[in-house]
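A.B. asks: Sequence lines, in order, name chains L and Y. If you use the working numbering, the first sequence closes out at 172, no skipped numbers anywhere. If you use the working numbering, the second sequence closes out at 1172, no skipped numbers anywhere. Beta carbons: idealized from backbone N, C-alpha and C, even for Gly.
Protein chains: 2
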Amino acid sequence: MRDVNDPSHASIPPSGIPPGAGSTAADTSFLESLVGYNARRAALAIIAQVLPELQPYDLRVVEFSVLTVVAHNPGITSRQVCAALDILPPNLVGLLRKLEQRGLIHKRAHPSDRRAQGLYVTDAGAQVQRAAQHAVAAVEQRALPHLSAAERATLIALLRRVYQGSGAGTTR
Amino acid sequence: MRDVNDPSHASIPPSGIPPGAGSTAADTSFLESLVGYNARRAALAIIAQVLPELQPYDLRVVEFSVLTVVAHNPGITSRQVCAALDILPPNLVGLLRKLEQRGLIHKRAHPSDRRAQGLYVTDAGAQVQRAAQHAVAAVEQRALPHLSAAERATLIALLRRVYQGSGAGTTR
DNA sequence: TATTGTTATACTCTATAACTATA
DNA sequence: TATAGTTATAGAGTATAACAATA
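Below, the structure written as structure tokens:
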């Protein structure tokens, strides 16, 4: 394999790339043949666009996910949130505390299990969640301008088969 | 919306889930309608299966990616690796140092730019990379048993359009 | 004996500022 | 003035062990 930066082989064809040592594009063909690599790159690219949309609500992606699950599942327990979002219990504690201190969620005694607590959104929490959900849905549309609705549906269906087929959630 | 854990509405139909407070499945329908959410879950599920395959070679996922790019692009510079894999330069330094100390890669003076250094795999590095690449390719096959070759190709093509269409690599 | 929620803690990953040598 | 490589450091994100209260 030839050195990518050896000038003795340069400019066939002449690529209109600016000067500097790091100019030519690297070969990543093997990595690009992997579903895992492409899924990770795609996820990071979308999340990078979602982040600034959630900033006005002072929510990170995980916090939005937790708030959304609680809003859509009133009375859900911590363990159920952990199972749904693949979050470890110790890491959820701080998230819930922060959301509760902001007055977005609150806890009530569980009707049948005195160890557990039911989680609920407050009125303010429901408002914030609705607005943030609209913003997230809108930015996904904008982030994927080249995908038709059918292609998006196909993509999502294939991705779900990837992580539902394998043992998702077993390793943490 | 009804409380998910309110026993007064329980068991219609009776779900065969074991006892405890966190038993019923939570509604995550909105999150599951997002490409970003599904891509992240899929990526994490696959990476969780790739990790143990790389353990015999004492490589983490990022380290394998760097080693692979260097192996396939002899003489590549640090900045080019950063651009190809969307890694920040300060975070690459430690990765390269570790790979160099293990004798898997080495640096040589860049032919035309005295600021830069060309990266190369050693013979040992090339051996490790080849073996690890085979292991990774094999585990991807095993991790996606329900996807045909055509479906895998479709999935990869759609994912690439997601992160190549948006401004991938611009935010970091 | 198992589960819920929790604390404490450690380790990895990612991000920013600032410096030097060179272009 | 800009770029390549580097240091130091800060902040997210993720992981395990262990505990009290309750099932």
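1) Please classify Y:Ser1065: is it buried, with 16 or more other beta-carbons within 10 angstroms of its beta-carbon, or exposed?
2) Rounded to the nearest angstrom, what separates L:Gly36 and Y:Glu1140 at their Cα positions?
3) Counting contacts by CB-CB distance shorter than 9 Å, is L:Val136 in contact with chain Y?
4) Spell out whether any CB of chain Y is found under 9 Å from the CB atom of L:Asn38.
5) Short check: CB of L:Ala42 to CB of Y:Val1062, under 9 Å?
6) Would you please state the rounded distance, in angstroms, between the beta carbons of Y:Leu1158 and L:Glu32? I believe it to be under 8 Å.
7) Verify whether the separation of the beta carbon atoms of Y:Asn951 and L:Gly118 is less than 9 Å.
8) Counting pairs of Cβ atoms below 8 Å between the segment 1097-1116 of chain Y and the segment 45-62 of chain L, do you hit three or more?
9) Of all the alpha helix (DSSP H) runs that stay within the bounds of the segment 1017-1100 of chain Y, which reach a length of 4 or more residues?
10) Below 8 Å on the Cβ atoms is my guess for Y:Val1121 versus Y:Gln1129; work out the distance and round it to an integer in Å.
11) Taking the alpha-carbon positions, what's the L:Arg108 to L:Thr77 distance?
12) Please compile the residues from chain Y whose C-beta is within a distance smaller than 8 Å of the C-beta of L:Leu159.
13) If you run the structure through DSSP and keep just helix, strand and coil, what is Y:Val1139?
14) I'd like the list of long-range same chain contacts for Y:Pro1089, defined as Cβ closer than 6 Å, with 5 residues on each side in sequence excluded.
15) Using a Cβ-Cβ cut-off of less than 9 Å, list which residues of the segment 1077-1096 of chain Y approach chain L; keep chain order.
16) Closer than 9 Å by beta-carbon distance: list the chain Y residues that pair up with L:Thr122, in chain order.
17) Going by C-alpha distance, which of L:Ser29, L:Asp3, L:Pro74, L:Arg2 is nearest Y:Asp1027?
18) Under the rule that 16 or more other beta-carbon atoms within 10 Å means buried, what is Y:Val1069, buried or exposed?
19) What does Y:Val1004 pair with, by DSSP beta-bridge criteria?
20) Could you give the distance in angstroms between the alpha-carbon of Y:His1106 and the alpha-carbon of L:Asp86?
21) Y:Glu1151 versus chain L: which residues are under 7 Å apart at the beta carbon?
22) Do you know whose CA, among L:Arg60, L:Ala138, L:Asn38, L:Ala25, lies nearest L:Leu155's CA?
23) Would you mind telling me which residues of chain L sit closer than 8 Å to Y:Pro1074, beta carbon to beta carbon, in chain order?
24) Rounded to whole angstroms, what is the Cα-Cα separation between Y:Leu1034 and L:Ala137?
25) What's the gap between the Cα of Y:Ala1071 and the Cα of Y:Ala1131?
26) Count the other CB atoms within 10 Å of the CB of L:Ala135; is the residue buried (16 or more) or exposed (fewer)?
27) How far does the alpha helix (DSSP H) with L:Gly103 in it reach, from first residue to last?
28) Find the residues of chain Y that neighbour L:Ser148, judging by a C-beta separation of less than 9 Å, and give them in chain order.
29) So with Cβ pairs under 9 Å, would you call Y:Asp1058 a contact of chain L?
30) Can you tell me whether DSSP reads L:Ala116 as helix, strand or coil?
C.D. replies: In brief:
1) buried
2) 8 Å
3) yes
4) yes
5) no
6) Not confirmed; about 13 Å, so no contact.
7) This structure cannot speak to residue 951 of chain Y, because chain Y is shown only from 1001 to 1172.
8) no
9) 1029-1032, 1035-1054, 1061-1072, 1078-1085
10) 6 Å
11) 10 Å
12) Val1035, Asn1038, Ala1039, Arg1041, Ala1042, Leu1155
13) helix
14) Cys1082
15) Thr1077, Ser1078, Arg1079, Gln1080, Val1081, Cys1082, Ala1083, Ala1084, Leu1085, Asp1086
16) The contacting residues do not exist; L:Thr122 stays about 15 Å from chain Y at best.
17) L:Pro74
18) buried
19) In DSSP, Y:Val1004 forms no bridge with anything.
20) 39 Å
21) Leu158
22) L:Asn38
23) Met1, Arg2, Asp3, Val4
24) 7 Å
25) 12 Å
26) buried
27) Element bounds for L:Gly103: n/a, residue is neither H nor E.
28) Those within 9 Å of L:Ser148 in chain Y number zero; the least Cβ separation is about 11 Å.
29) no
30) coil
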